[in-house]
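Take a look at the structure below.
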């Protein structure tokens, strides 16, 4: 009887997973047509499309939680390392280098352009650090007081909220790049969408492993990427108001992403002792994003 019940439950979860994939595919087509009806400026439309691709990557990553409850820790750490590599390469080749070039195009000397980018990197990192401290200082009652049983531990919610907050600089990067009319804006969005896949999966698996239903864990994991199109559109609009904001905006996004990678993603990928696999994933992710930026962008 127990085997039959398990088989029925597994079949139901598999149907949920297939149905979710079909739903995401249909929503993607609907959103793609809907964005055209908005009649936005080309740069704003490009930013919104890039942010939507990133959000879709997060949602796709959350789908497997409907079929599996736990992922091998070694694979999870490898995927986190891969995401770190993608973000590092995107920071270097899609944000910092173009940011310096954009600053020089405004008439700044190489020294002044580099100084402006350095200032922006530090400011972006400091801003995200303050946000991170605010999230980490939230009271446990605020995080779990209104949730149904079983109660998810506060540390789990803090981890989830931290990943969601870290999607903000990714949306910023897509928006600034598209709003500035940069040639590699599309490859940047695709690269960020790739590294968003393991993020969505990690959120969903962590919540499911803590006792939340798989369907609810999937919905939260899928929704965690929705901040990216919002901030992509906002930053693209800001950059379109004043071209001088382009190099500073790129630097701010670069600083925030660097802090995310070094303070959260890399340490988390090594926390369970899979250092070599995490490093291998980082190298593969870095090389893949570098190729997308330089050869394909």
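Numbering (our numbering), first residue to last: 5 to 301. Backbone N, C-alpha and C define an ideal beta-carbon position, used for all residues, glycine too.
Nearest candidate by alpha-carbon position, reference residue i, set the options
{"i": "residue 62", "options": "202, 124, 234, 110", "result": "202"}
{"i": "residue 168", "options": "133, 187, 207, 246", "result": "207"}
{"i": "residue 64", "options": "243, 259, 227", "result": "227"}
{"i": "residue 192", "options": "236, 205, 209", "result": "236"}
{"i": "residue 280", "options": "45, 59, 81, 52", "result": "81"}
{"i": "residue 283", "options": "85, 56, 76", "result": "85"}
{"i": "residue 288", "options": "248, 225, 83, 114", "result": "83"}
{"i": "residue 131", "options": "291, 295, 286, 256", "result": "256"}
{"i": "residue 100", "options": "79, 122, 87, 184", "result": "122"}
{"i": "residue 223", "options": "125, 66, 89", "result": "66"}
{"i": "residue 204", "options": "242, 165, 180", "result": "165"}
{"i": "residue 229", "options": "199, 90, 249", "result": "199"}
{"i": "residue 127", "options": "196, 210, 254, 268", "result": "254"}
{"i": "residue 92", "options": "267, 277, 76", "result": "267"}
{"i": "residue 238", "options": "216, 173, 210", "result": "173"}
{"i": "residue 46", "options": "189, 220, 125, 291", "result": "189"}
{"i": "residue 117", "options": "216, 277, 248, 295", "result": "248"}
{"i": "residue 53", "options": "113, 197, 135, 138", "result": "197"}
{"i": "residue 291", "options": "135, 242, 96, 111", "result": "96"}
Per-residue DSSP class, three states only, for residue i
{"i": "residue 46", "result": "helix"}
{"i": "residue 297", "result": "helix"}
{"i": "residue 71", "result": "coil"}
{"i": "residue 217", "result": "coil"}
{"i": "residue 76", "result": "coil"}
{"i": "residue 62", "result": "helix"}
{"i": "residue 151", "result": "Confidence is the limiting factor: at residue 151 the pLDDT is only 43, short of 50, which leaves the residue's position unreliable and the question unanswerable from this model."}
{"i": "residue 230", "result": "coil"}
{"i": "residue 146", "result": "The pLDDT assigned to residue 146 is 46, lower than 50, so where the model puts this residue is not dependable, and the model offers no usable value."}
{"i": "residue 246", "result": "coil"}
{"i": "residue 184", "result": "coil"}
{"i": "residue 303", "result": "Any property of residue 303 remains undetermined from this structure, which presents the chain solely from 5 to 301."}
{"i": "residue 113", "result": "coil"}
{"i": "residue 108", "result": "helix"}
{"i": "residue 281", "result": "helix"}
For residue j and residue i, believed in contact at Cβ under 8 Å, the rounded distance
{"i": "residue 251", "j": "residue 48", "result": "That belief does not hold up - the Cβ atoms of residue 251 and residue 48 are roughly 20 Å apart, past 8 Å."}
{"i": "residue 187", "j": "residue 240", "result": "That belief does not hold up - the Cβ atoms of residue 187 and residue 240 are roughly 15 Å apart, past 8 Å."}
{"i": "residue 175", "j": "residue 233", "result": "7 Å"}
{"i": "residue 94", "j": "residue 212", "result": "Actually they do not touch by this definition, with Cβ atoms about 29 Å apart."}
{"i": "residue 88", "j": "residue 286", "result": "5 Å"}
{"i": "residue 184", "j": "residue 106", "result": "7 Å"}
{"i": "residue 55", "j": "residue 179", "result": "7 Å"}
{"i": "residue 98", "j": "residue 297", "result": "6 Å"}
{"i": "residue 195", "j": "residue 293", "result": "5 Å"}
Heavy atom of the ligand ZN within 7 Å of residue i beta-carbon
{"i": "residue 82", "result": "Among the ligands in the structure shown, none appear at all, so the ligand ZN cannot be discussed."}
Cβ pair count under 8 Å reaching 3, the stretch 267-281 against the stretch 63-73: no
Any contact of the stretch 250-267 with the stretch 54-61, i.e. 3+ C-beta pairs under 8 Å? In this structure the stretch 250-267 does not touch the stretch 54-61; the number of beta carbon pairs closer than 8 Å is below three.
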